[in-house]
Amino acid sequence: MDLQKLLGLWWTVPAGLALVGYACSLAGLTRPQRAVWVTARVVEVHPPGHGESGNDGIPVTIVYQDPDTGREFRLRHENRRGDRVLVAWVGQEFPVRFPRRRPERFSLMLDSEGRTSGIGGPNCMVFLLVLGLVVQSFFAWGWQWGLICVGGLLLLVVALSRDGAYVRARAAQLAEGVTVRGRVVAVTRDVHSDAEGGESISHASVVAFTTHEGVEVTALCTQGIRNIARSLGRDIPLRYAPADPSLLTADPDHERRERTSQIRFVLSLLAMGIGAIGVGAYCLHHPWPLT
1 MDLQKLLGLW
11 WTVPAGLALV
21 GYACSLAGLT
31 RPQRAVWVTA
41 RVVEVHPPGH
51 GESGNDGIPV
61 TIVYQDPDTG
71 REFRLRHENR
81 RGDRVLVAWV
91 GQEFPVRFPR
101 RRPERFSLML
111 DSEGRTSGIG
121 GPNCMVFLLV
131 LGLVVQSFFA
141 WGWQWGLICV
151 GGLLLLVVAL
161 SRDGAYVRAR
171 AAQLAEGVTV
181 RGRVVAVTRD
191 VHSDAEGGES
201 ISHASVVAFT
211 THEGVEVTAL
221 CTQGIRNIAR
231 SLGRDIPLRY
241 APADPSLLTA
251 DPDHERRERT
261 SQIRFVLSLL
271 AMGIGAIGVG
281 AYCLHHPWPL
291 T
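Per UniProt numbering, the sequence shown starts with residue 1, numbered consecutively.
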C-alpha cells in the first residue's frame with residue numbers, strides 16, 4: 001500500500017477510537033462510570049487574600065462520605081482536583097467523584113449533567129471525524145460539495161449547541177433575582193507570561209455578600225466591576241438568583257450585552273451555514289462566473 005492510500009485511511013483512527021469509547025460506555029467501563037459519585041457539602045470557605053493568586057478560584061473545605069465504608073472525609077479543594085469554584089458558601093453542595101477504594105482522591109464537579117457516562121472523548125472523536133470529512137470533501141468532490149458540507153457542519157453545531165438554552169435559563173433566573181449590596185474584600189493578582197517573554201497582569205475581585213435568606217456568599221468576579229485593580233473596599237450592587245446564589249452578576253447591563261453577543265454569534269453561524277449550502281447547491285447546477 002502506497003503512502004497516498006495509507007493517508008486516505010486517516011478516518012479509521014477517529015472512527016475506531018469513537019467506537020471503542022461508545023462500546024466502553026455501553027459496557028459501563030469508562031472512568032466516570034467506574035468512579036463513585038457522592039454529594040459533598042462545603043463546611044469552610046477560604047477566600048483568597050488581597051494580592052494573592054486567583055487561579056485556584058475560591059478554596060473550600062468539603063465533607064463527604066464513602067458509601068462503601070461509611071467513613072466521612074473532610075478535605076480541602078483548591079482547583080487541583082476537578083472544577084474551579086468561583087462562588088462558594090457554607091452548606092453549598094457539589095457532586096464529587098473518586099475511584100473505588102480511593103475516596104481521598106476526589107474530583108469536584110460543579111455539574112454532573114452529561115459527565116457520568118464518559119462519552120465526552122468519543123464525542124470529540126466523532127467531531128474530529130466529521131471535520132476531517134468536511135475538509136476531504138473539497139478535494140474528493142469539488143469545492144461546491146465542500147461548501148455544502150461546511151454549511152451542514154455549521155448547522156449541526158448550531159443544532160447541538162446548548163449555549164442558547166443556557167443563556168435563556170440564566171437570563172430567566174436573573175430576571176427573577178434580587179439585588180443586594182456586596183463588598184470587595186480582596187483583589188487577586190496573577191502574572192501571565194507569553195511565549196515571547198512578555199508579561200500581562202490580570203485581576204479579580206473577591207466579593208462578599210449576604211443573601212436575603214442570611215447565607216454569606218463569597219464570589220470571585222472578573223467582569224462587571226469597573227477598575228478591578230483598585231476596587232478593594234468598594235461597595236457594589238449584586239444581582240443573584242434566590243434559587244441558586246452562584247448565578248449572579250455585578251453588572252446587569254454587561255450581562256445583557258454578553259447575552260446579545262452570544263445570541264448574535266449563534267445566529268451568524270446559522271446564517272453562514274444556510275448561505276454556504278445555498279451557494280454550494282447553486283454552483284452545482286450553474287457555471288461559476290470566475291471559473
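Quick reminder that beta carbons are idealized off the backbone N, C-alpha and C, glycines included.
Item	Value
Tell me which residues share the same chain as Ala171 and place their Cβ nearer than 7 Å to its Cβ, disregarding the 5 neighbours each side in the sequence.	Arg259
Give the DSSP-derived three-state secondary structure of Glu104 in the structure shown.	coil
Who pairs with Thr39 in a beta bridge, going by DSSP?	Pro95
Which residue or residues does DSSP assign as beta-bridge partners of Ile201?	Val191
Short of 8 Å in beta carbon distance, which residues of its chain neighbour Leu129, apart from the five on each side in sequence? Order them along the chain.	Trp11, Pro14, Ala15, Ala18
Could you check whether the stretch 117-124 touches the stretch 244-251, counting it as contact only if at least three pairs of C-beta atoms, one from each stretch, sit closer than 8 Å?	no
Where does Gln65 sit, in a helix, a strand or coil, going by DSSP?	strand
Quick check: the Cα distance between Leu290 and Ser53, rounded to an integer number of angstroms?	Note that Leu290 has pLDDT 48, beneath the 50 cutoff, so the model's placement of it is unreliable and the number below is only indicative. Their backbone Cα atoms lie some 56 Å apart in a straight line.
Are three or more beta carbon pairs between the stretch 31-49 and the stretch 175-193 nearer than 8 Å?	yes
Given this structure, state the Cα-to-Cα distance separating Asp66 from Val42, to the nearest angstrom.	16 Å
How close, in whole Å, do the beta carbons of Gly164 and Val266 come, if the pair is a contact with beta carbons under 8 Å?	6 Å
DSSP beta-bridge partners for Asp253?	Looking at the DSSP assignment, Asp253 forms no beta bridge with any residue, so it has no partner.
According to the Cβ coordinates, are Val85 and Leu110 closer than 9 Å?	yes
So within the stretch 209-285, which uninterrupted beta strand (DSSP E) runs reach at least 3 residues, ignoring any that extend past its ends?	216-221, 235-241, 244-249
Does the beta-carbon distance from Val134 to Leu153 come in below 9 Å?	yes
Between Arg257, Ser261, Val206, Pro252, which lies nearest to Asp235 when the distance is taken from Cα to Cα?	Val206
Taking the C-alpha atoms as reference points, what is the distance between Ser233 and Glu216?	The sequence given here has Gly at residue 233, not Ser. Using only the alpha carbons, I get a separation of about 17 Å.
Mapping DSSP to helix, strand and coil, what is Leu110?	coil
Considering only residues of the same chain and omitting the five flanking positions on each side of Asp251, which have a CB-CB separation below 8 Å?	Gln223, Gly224, Ile225
Is the distance from the Cβ of Leu108 to the Cβ of Ile148 below 9 Å?	no
For Phe209, collect the residues of the same chain with a Cβ closer than 6 Å to its Cβ; drop the 5 residues on either side in sequence, then sort them by chain order.	Val180, Gly182, Val217, Leu238
Please name the residue, chosen from Val167, Pro95, Ala219, Pro103, that lies closest to Glu113 on a Cα-to-Cα basis.	Pro95
For Leu29, which three-state DSSP category applies?	coil
Rounded to whole angstroms, what is the Cα-Cα separation between Pro32 and Arg168?	29 Å
With distances taken from CA atoms, which of Pro59, Arg100, Ala159, Tyr240 is nearest Gly82?	Pro59
Considering Arg170, what are the terminal residues of the alpha helix (DSSP H) in which it resides?	163-175
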